[in-house]
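Quick note: the sequence shown uses our numbering, first residue 8, plus one each step.
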Amino acid sequence: MKITKLLGYQVLDSRGRPTVAASITLEDGTTHTARVPSGASTGKHEALELRDGDQLSQKSFYGSLAVSQAVENVNLRIAPAIVGRQVDLNFIDAAIREIDTTSNFSSLGANATLAVSLAAAKASAHAQNLSLARYFQPQGNLLIPMPMVNILSGGAHANRSLDFQDVLIVPTGAVSFTEALSWIVAIRETAAQLGSKAGMTTHLVADEGGLGIAFESIELAMDFLIEAIEKVGLEIGSQLSLALDVASTQFFSNGIYNLASSQKSYSSADFVSYIHTLVSTYPIISIEDPFAEDDWESWNSFMQIAPKNVQVLGDDLLTTNSERLNKAIKQSSANSILIKPNQNGLVTDTHTVLKAAQSAGFATVVSARSGETEDSWLADLATGWRAGQIKVGSTHGSERNAKWNRLLELEQIEKVEFSRPFS
Ligand code: PGA
Ligand code: ZN
Numbered sequence: 008m009k010i011t012k013l014l015g016y017q018v019l020d021s022r023g024r025p026t027v028a029a030s031i032t033l034e035d036g037t038t039h040t041a042r043v044p045s046g047a048s049t050g051k052h053e054a055l056e057l058r059d060g061d062q063l064s065q066k067s068f069y070g071s072l073a074v075s076q077a078v079e080n081v082n083l084r085i086a087p088a089i090v091g092r093q094v095d096l097n098f099i100d101a102a103i104r105e106i107d108t109t110s111n112f113s114s115l116g117a118n119a120t121l122a123v124s125l126a127a128a129k130a131s132a133h134a135q136n137l138s139l140a141r142y143f144q145p146q147g148n149l150l151i152p153m154p155m156v157n158i159l160s161g162g163a164h165a166n167r168s169l170d171f172q173d174v175l176i177v178p179t180g181a182v183s184f185t186e187a188l189s190w191i192v193a194i195r196e197t198a199a200q201l202g203s204k205a206g207m208t209t210h211l212v213a214d215e216g217g218l219g220i221a222f223e224s225i226e227l228a229m230d231f232l233i234e235a236i237e238k239v240g241l242e243i244g245s246q247l248s249l250a251l252d253v254a255s256t257q258f259f260s261n262g263i264y265n266l267a268s269s270q271k272s273y274s275s276a277d278f279v280s281y282i283h284t285l286v287s288t289y290p291i292i293s294i295e296d297p298f299a300e301d302d303w304e305s306w307n308s309f310m311q312i313a314p315k316n317v318q319v320l321g322d323d324l325l326t327t328n329s330e331r332l333n334k335a336i337k338q339s340s341a342n343s344i345l346i347k348p349n350q351n352g353l354v355t356d357t358h359t360v361l362k363a364a365q366s367a368g369f370a371t372v373v374s375a376r377s378g379e380t381e382d383s384w385l386a387d388l389a390t391g392w393r394a395g396q397i398k399v400g401s402t403h404g405s406e407r408n409a410k411w412n413r414l415l416e417l418e419q420i421e422k423v424e425f426s427r428p429f430s
């Protein structure tokens, strides 16, 4: 089936900032649209998100955050290469790679390339009469990912009310996604009630839908969350565990990890032992970015001492990038990778990174960004790619719930199994 039109344009993300949408129209008259997300605690090694910046900021009321340049690249540089051709994700991604040969899509912008690549994936699935999830896995049981869900937010997503970025829950003992999600909603609700009873400000919803409660230390935040879990009547260990996204690059400078809320600073070596103490004392099953994006030594030494059942998860460290993943595999710097398509820029290349990680025995966690849209393609990618785990933020805000709801839908209408990587 041929592509008759490709159109890029600006739409809004969940923070009310402009982002890129791309619509591919096929010769049967159907149109397939994708919208890309945007991060706030972005890693230095991510593919480039092209925004207009100061020079072009006079062009519209969106100012420097506008993505008009990226949109123009879709319409003037990518469209001529693919309109009139058969719709095929592999062909389109290869065409994009030919137009922009930089390693980080700094010419077209990764927001432009990913928008087109995702629209191409949706249109290719349609041409084969498949859902996006089934396009990647046509036969057998789809694997519904285990969710890792944000309850308490800090860092760049909540005005630094807590130094660490997220305190999350992994409902390891749930037998279905439907059950898993119901536990999470109950815990978030109970945490909000406990917080307001204790006079905390709980109406502040952070960028990813978590509760933006201020805590002096991560220990106090986890104690609070454990209290909420116990109040709900769920059992820590057998039914669920905690996870942290430290996002430590955000508070690392000049070789020092600075925790502002608790007024403590640590050398790299001291932070390694502090993190070790945390994962040994608290029921933490996964710890993301405990060390800064280029502090490889700390990652390597932590992996030597980390309890074997703890997932050591690289986000800013690995940025969904093959070279950085290979380095981490070789040096044993982590044992799992966060997969964010917009850190990479293309659907096919993101899938390649995921497959390479899986072959190396790494766990894979497909992830949304703090700036999201109502688009739910992430749920289909996670499921079709058999990622095993997914991280979307909290259970608040339709840009988050669009992904959860799509997983609920897949669990109802498809032949599926529920991934239980920790049991
Ligand atoms: P971001 O953060 O989307 O704001 O970059 C998400 C994360 O660190 O996992
Ligand atoms: Zn992260």
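A virtual CB, placed ideally from N, CA and C, is assigned to each residue, including glycine.
Between the ligand ZN and the CB of A165, the shortest heavy atom gap is not smaller than 7 Å.
Counting C-beta pairs closer than 8 Å gives fewer than three between the region 103-113 and the region 25-37, which falls short of the contact rule. Every alpha helix (DSSP H) of 4 residues or more that sits fully in the region 351-407 is shown, in chain order, as 354-366 and 384-391. Distance from the Cα of I236 is smallest, within the candidate group W411, L159 and S383, for L159. Spatial neighbours of S287 in its own chain (CB-CB distance under 7 Å, excluding positions within 5 residues in sequence) are listed in chain order as P314.
In the structure shown, I220 adopts coil according to DSSP, grouped into three states. The closest CA to that of D323, considering only D20, G46, S21 and I31, is found on G46. In terms of side-chain proximity, the C-beta atom of G216 is found no nearer than 7 Å to any non-hydrogen atom of the ligand PGA. DSSP, reduced to helix, strand and coil, places V18 within a strand of the structure shown. Where N157 is concerned, there is no enclosing alpha helix (DSSP H), although the beta strand (DSSP E) around it starts and stops at M153 to S160. Shown here for S224: same chain residues with a beta carbon closer than 6 Å to its own, the five before and five after excluded, namely S269 in chain order. Within the region 271-331, the complete alpha helix (DSSP H) segments of 4 residues or longer fall at 275-288 and 303-312, listed in chain order.
Across the set T359, S275 and K422, the C-alpha of T359 shows the shortest separation from the C-alpha of W392. For H39, the three-state secondary structure derived from DSSP is strand.
Annotation: S138 to T38 spans about 15 Å, alpha carbon to alpha carbon. The nearest non-hydrogen atom of the ligand PGA is less than 7 Å from the C-beta of R376. G15 and S377 have their C-alpha atoms roughly 22 Å apart. For S248, the uninterrupted beta strand (DSSP E) run begins and ends at S248 to D252, by DSSP. In this structure, A54 has its beta carbon at no less than 7 Å from each heavy atom of the ligand ZN. For the region 91-151, the full-length beta strand (DSSP E) segments reaching 3 residues or more read 149-151 along the chain. In this chain, the alpha helix (DSSP H) harbouring A77 covers S75 to E79. Annotation for A364: L332, I344 and T371 place their beta carbon closer than 7 Å to its own, counting only its chain and skipping 5 residues before and after.
Contact annotation: D252 and D173 have beta-carbon atoms nearer than 8 Å.
K347 carries a coil assignment under DSSP once its states are collapsed to helix, strand and coil.
Distances from the CA of K334 to each of W303, D356, V317 and N316 were compared; the closest alpha carbon is that of W303. DSSP, reduced to helix, strand and coil, places K422 outside both helices and strands of the structure shown, so it counts as coil. In terms of Cβ geometry, L55 and S113 form a close pair [threshold 8 Å]. For L57, the closest of G91, Q17 and G23 by C-alpha to C-alpha distance is Q17. Near the ligand ZN, meaning a beta-carbon closer than 7 Å to one of its heavy atoms, we find S48, Q172, D252, A254, E295, D296, D322, D323 and L345.
For the 8 Å CB-CB criterion, T402 and I191 form a contact.
Placement of the Cβ of G46 at a distance of less than 7 Å from at least one heavy atom of the ligand PGA is found. Contact between the region 168-185 and the region 241-252 is established, with three or more Cβ pairs separated by less than 8 Å. Under DSSP, K12 forms a beta bridge with T32.
Here L353 is not near A386, since their CB atoms are 8 Å or more apart. Where D230 is concerned, there is no enclosing beta strand (DSSP E), although the alpha helix (DSSP H) around it starts and stops at I225 to V239. Within the DSSP bridge table, the entry for Y69 names no partner.
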